Amino acid sequence: MNQPMILDGRKVATSIKEELKQTVESLSKQGVTPKLATILVGDNSSSKTYVQMKANACKKIGMESERIYLDEDTTTEELLDVITQLNEDDSVHGILLQHPVPAQIDERKAFDTIKLEKDVDGVTSHGFGSTAFQLNAYPCCTPAAIMKVIDFYDINVEGKHAIVIGRSPILGKPVSMMLLNRNATVTMSHSKTENLPELIKQADLVVAAVGKPNFVKGEWLKEGAVVLDAGYNEGNIGDVEYEACERQASAITPVPGGIGPVTIATLLQNTVEAASESLEKMNKINR
Ligand code: NAP
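Below, the structure written as structure tokens:
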């Protein structure tokens, strides 16, 4: 039986967080404790869990966090006011607006109200454009986590055919750009794509970002493909049919324990970097 390499996200996340702990300690000694503010609008129970997990992760490495809960019927204007206050609060280094927000809210407007230097989740249009052009901005966390797993396990993507299934602004699109910037040949696919199984069959690397449990079937894969499953569905189920894909793949991320923990570690890393940048700025002003 084929024994693929299991791409262990917990291991990748631990190595990132170990390093971060030391940086947080050093920043705190200099008077700046990195702080992440998360905003949750409405009552989505999975979102509540994600926000709680992020706060716990902050605490574990010595960071501060602030959780802001807004009612389900919050208006766009009210949300923008909260974001603006956090933009102006010097003790806050990163702002995360938990996705999805209720339908009445203009999510793009809300994302784009976050100051670029506090956009630690890489969701602003400016941040997305900068990442696409390989300019300085905090990358969107889940796509960046996928790239970190690729790097940690030394997987070569240059010249390889990668297919990304899903084109959301926080996942499919940015990860496609990141893979393209690493010289992969990228096929972006979505709900209107025809002949998806045939396209997947040609790919050396498959990124699943669909939001449908067990969507990618084992028989769709080329033998030896690398499978990165960003999906996280109810019951801890990924977007790929794990057992069947494991038989075809040369390397695969599990769910849970794959991309998820690295996403959180990336969020912490971006926030710590934002805090370091703010300290540097303060030091320059005081010089
Ligand atoms: P999303 O906004 O709902 O986007 C889903 C994408 O999948 C859309 O682009 C959609 O195409 C495409 N799609 C739907 N049905 C399809 C089909 N039959 N064939 C091909 N493509 C299809 O979801 P998302 O926010 O990107 O999240 C995707 C998954 O990643 C979810 O399971 C989510 O829980 C997970 N996620 C995990 C993390 C983490 O930390 N691990 C973070 C974020 C998200 P259209 O554009 O045509 O509608």
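Quick note on UniProt numbering: the sequence shown kicks off at 1 and runs consecutively.
No residue lacks a Cβ here, since even glycine has one placed at the ideal position from N, Cα and C.
Keep in mind it's a predicted model, so treat the numbers as computed, not measured.
Contact check, residue i vs residue j, beta carbons under 7 Å
i    : j    : result
G258 : G9   : yes
P4   : A274 : no
C141 : T23  : no
P261 : N233 : no
Q98  : H161 : no
V210 : I165 : yes
F152 : V12  : yes
S47  : L40  : yes
I114 : I83  : yes
Length of the line joining the Cα atoms of residue i and residue j
i    : j    : result
Q134 : R182 : 10 Å
L196 : V186 : 14 Å
V272 : K118 : 11 Å
R287 : S276 : 16 Å
L179 : V157 : 7 Å
N136 : V123 : 14 Å
I264 : N270 : 10 Å
L70  : S125 : 24 Å
R247 : E241 : 10 Å
K54  : A244 : 32 Å
V200 : V216 : The displayed chain sequence assigns Ile, not Val, to residue 200. Whole-angstrom Cα-Cα distance: 9 Å.
P139 : E194 : 30 Å
E198 : D229 : 19 Å
K59  : I163 : 36 Å
V175 : P102 : 25 Å
I16  : I285 : 31 Å
Q85  : G224 : 50 Å
I170 : L80  : 20 Å
T38  : N2   : 42 Å
S168 : V51  : 20 Å
E64  : V120 : 15 Å
M282 : E88  : 15 Å
G235 : E18  : 29 Å
E66  : D90  : 13 Å
S130 : T74  : 30 Å
Same chain, Cβ closer than 8 Å to residue i, neighbours up to 5 away in sequence not counted
i    : result
E25  : G62
T76  : Q104, I105, D106, K109, A110
A184 : V157, E158, G159, K160, H161, A162, L205
L20  : I61, A265, L268, Q269, V272
G231 : A208, A209, V210, G211, K212, P213, F215, I237, G238, D239, V240, V255
P100 : N44, S47, E107
E78  : L70
Same chain, Cβ closer than 7 Å to residue i, neighbours up to 5 away in sequence not counted
i    : result
L279 : L27, Q30, V32
I155 : V226, A251
I237 : P213, N214, V255
D43  : E72
T49  : none
A57  : I264, L268
L116 : T124, H126, G127, A137
Neighbourhood of residue i by C-beta distance below 6 Å, restricted to the same chain and skipping five residues each side
i    : result
T14  : none
D112 : T124, S125
M177 : A132
Fill in: Meets three-Cβ-pair contact criterion under 8 Å: the stretch 198 to 209 and the stretch 219 to 229
yes
Discussion item. Whether or not the stretch 244 to 255 and the stretch 7 to 22 are in contact is what I'm after, with contact meaning three or more pairs of Cβ atoms, one per stretch, closer than 8 Å; do they touch?
Written reply: yes
Discussion item. Check whether the stretch 189 to 198 and the stretch 142 to 161 are in contact - that is, three or more C-beta pairs closer than 8 Å.
Written reply: no
Discussion item. For the stretch 82 to 94 against the stretch 34 to 43, do three or more pairs of beta-carbon atoms, one drawn from each stretch, fall closer than 8 Å, so that the two count as touching?
Written reply: yes
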